[in-house]
Amino acid sequence: MNPDTPYRRGWTLAGLVVLILCLPVSVYVIGSMLGAGVQFPLFRYQETYMGANVITIFRDLQYVLEGTITGRSALMPVLWVAGVVSGIAGIVSVAIPSRMQRMYSPRRGGICIMGSGLLYLLALIAQYGPSFSSSGGFAIPVGVPVLFVAGWLVWSDSLFRFDETDESVPEESQDNSS
Numbered sequence: 779m780n781p782d783t784p785y786r787r788g789w790t791l792a793g794l795v796v797l798i799l800c801l802p803v804s805v806y807v808i809g810s811m812l813g814a815g816v817q818f819p820l821f822r823y824q825e826t827y828m829g830a831n832v833i834t835i836f837r838d839l840q841y842v843l844e845g846t847i848t849g850r851s852a853l854m855p856v857l858w859v860a861g862v863v864s865g866i867a868g869i870v871s872v873a874i875p876s877r878m879q880r881m882y883s884p885r886r887g888g889i890c891i892m893g894s895g896l897l898y899l900l901a902l903i904a905q906y907g908p909s910f911s912s913s914g915g916f917a918i919p920v921g922v923p924v925l926f927v928a929g930w931l932v933w934s935d936s937l938f939r940f941d942e943t944d945e946s947v948p949e950e951s952q953d954n955s956s
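Under the working numbering, think of the first position of the sequence shown as 779, with each following residue one higher.
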């Protein structure tokens, strides 16, 4: 086994985690330039005439559960959280060592990562409509294509191909000298 393989796998997984959880997924403007912000998977940063705010997805869910946010706008945080859960499920399914064959699944991981991008896209459509623009503002889904590409790379096994063979398990020799 290449001695750099575990090291390389660790860095690839770390990069995947950063990409999925720290990538800005959308940039948005509220109303007629009343405010603007950047939405990340776990939080959003927005600046309005009232000041700058960091709003976590947990706070958004709290607003939905308390009834502060209702209607179409209440669907966005729910879909957003589903996207985060899907992205984390994708990370977990490729982070499990390949020796645990039942749990390890780059295809499942890739589908989950692409699914998180799709759920983020559906959340933006729920908030702003299919054109990503409404009277409430507009959004540009800057990180969604990156998630689709990352998910496809994981699904196609391009990122973790070097982990297919495990040389810690000895191969059976074929001794035909009888």
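Glycine residues also receive a C-beta, built at the ideal position from the N, C-alpha and C atoms.
- Quick one: grab the DSSP three-state call for Thr790. As a position in the sequence shown, residue 790 is number 12, starting the count at 1. Helix, per DSSP.
- Task: Could you check what DSSP says for Gly921 in three-state terms: helix, strand or coil?
- Result: To locate residue 921, count along the sequence shown from 1; it is residue 143. The three-state reading of DSSP puts Gly921 in coil, since its state is none of H, G, I, E or B.
- For Ala901 versus Leu857, is the C-beta distance shorter than 8 Å? Position 123 of the sequence shown, counted from the first residue, corresponds to residue 901. Position 79 of the sequence shown, counted from the first residue, corresponds to residue 857. Yes, they are a contact pair.
- Item | Buried versus exposed, by CB contacts within 10 Å (16 or more), Ala830 | Counted from its first residue, the sequence shown places residue 830 at position 52. Flag for Ala830 reads exposed.
- Task: Determine the burial state of Tyr906: buried for a count of at least 16 other Cβ atoms within 10 Å of its Cβ, exposed for fewer.
- Result: Translated into the one-based positions of the sequence shown, residue 906 becomes position 128. Burial call: buried.
- Query: If you draw a straight line from the alpha carbon of Gln817 to that of Ala852, how long is it in whole angstroms?
  - Reply: Stepping through the sequence shown from its first residue, residue 817 is reached at position 39. Stepping through the sequence shown from its first residue, residue 852 is reached at position 74. Rounded to the nearest angstrom, the two C-alpha atoms are 16 Å apart.
- Message: I need the straight-line Cα distance from Gly914 to Ala873, nearest angstrom please.
- Response: Counting from one through the sequence shown, the residue named residue 914 turns up at place 136. Counting from one through the sequence shown, the residue named residue 873 turns up at place 95. If you take the alpha carbons of Gly914 and Ala873, they lie about 39 Å apart.
- Item | Bounding residues of the alpha helix (DSSP H) (the contiguous stretch that carries Val870) | Locating residue 870 in the sequence shown gives position 92, counting from the first residue. It spans 850 to 873 - the alpha helix (DSSP H) in which Val870 sits, taken as one unbroken run.
- Query: From which residue to which residue does the beta strand (DSSP E) around Val803 run?
  - Reply: As a working note, residue 803 is residue 25 in the sequence shown. Counted as a single uninterrupted DSSP element, the stretch harbouring Val803 is not any beta strand (DSSP E), since DSSP gives it neither H nor E.
- May I have a chain-ordered list of the beta strand (DSSP E) segments no shorter than 3 residues that lie completely inside the segment 825 to 852? Along the segment 825 to 852, the beta strand (DSSP E) occurs as fully enclosed runs of 3 or more residues at 829 to 834, listed in sequence order.
- Query: How big is the Cα-Cα spacing for Ser871 and Val922?
  - Reply: Residue 871 sits at position 93 when you count from the first residue of the sequence shown. Residue 922 sits at position 144 when you count from the first residue of the sequence shown. Ser871 and Val922: Cα-Cα distance of roughly 20 Å.
- Query: Leaving out five residues before and five after Val842 in sequence, what residues of the same chain have Cβ atoms less than 6 Å from its Cβ?
  - Reply: Counted from its first residue, the sequence shown places residue 842 at position 64. A distance below 6 Å between beta-carbons, with the five flanking residues on each side excluded, links Val842 to the following residues of its chain, in chain order: Ala852, Pro855.
- Look up Ala814 in the DSSP assignment and give the residues it is bridged to. As a first step, residue 814 is located in the sequence shown; it is residue number 36 there, counting from the start. Its beta-bridge partners are Val807, Glu825.
- Message: Given this structure, state the Cα-to-Cα distance separating Tyr827 from Glu844, to the nearest angstrom.
- Response: If you number the sequence shown from 1, residue 827 lands on position 49. If you number the sequence shown from 1, residue 844 lands on position 66. If I take the Cα positions, the gap works out to 25 Å.
- Query: Quick one: is Cys800 buried, meaning 16 or more other Cβ sit within 10 Å of its Cβ, or exposed?
  - Reply: Mapped onto the sequence shown, residue 800 falls at position 22. Cys800 is classed as exposed because its beta carbon has fewer than 16 other beta carbons within 10 Å across all chains shown.
- Query: Identify the residues that DSSP records as bridge partners of Gly895: which are they?
  - Reply: Working through the sequence shown from its first residue, we reach residue 895 at position 117. When DSSP reads this structure, Gly895 sits in no beta bridge, so it has no partner.
- Item | Integer-rounded CB distance, given that Gly895 should sit under 8 Å from Gly868 | One-based indexing of the sequence shown puts residue 868 at position 90. One-based indexing of the sequence shown puts residue 895 at position 117. Incorrect: roughly 10 Å between the Cβ atoms, too far for contact.
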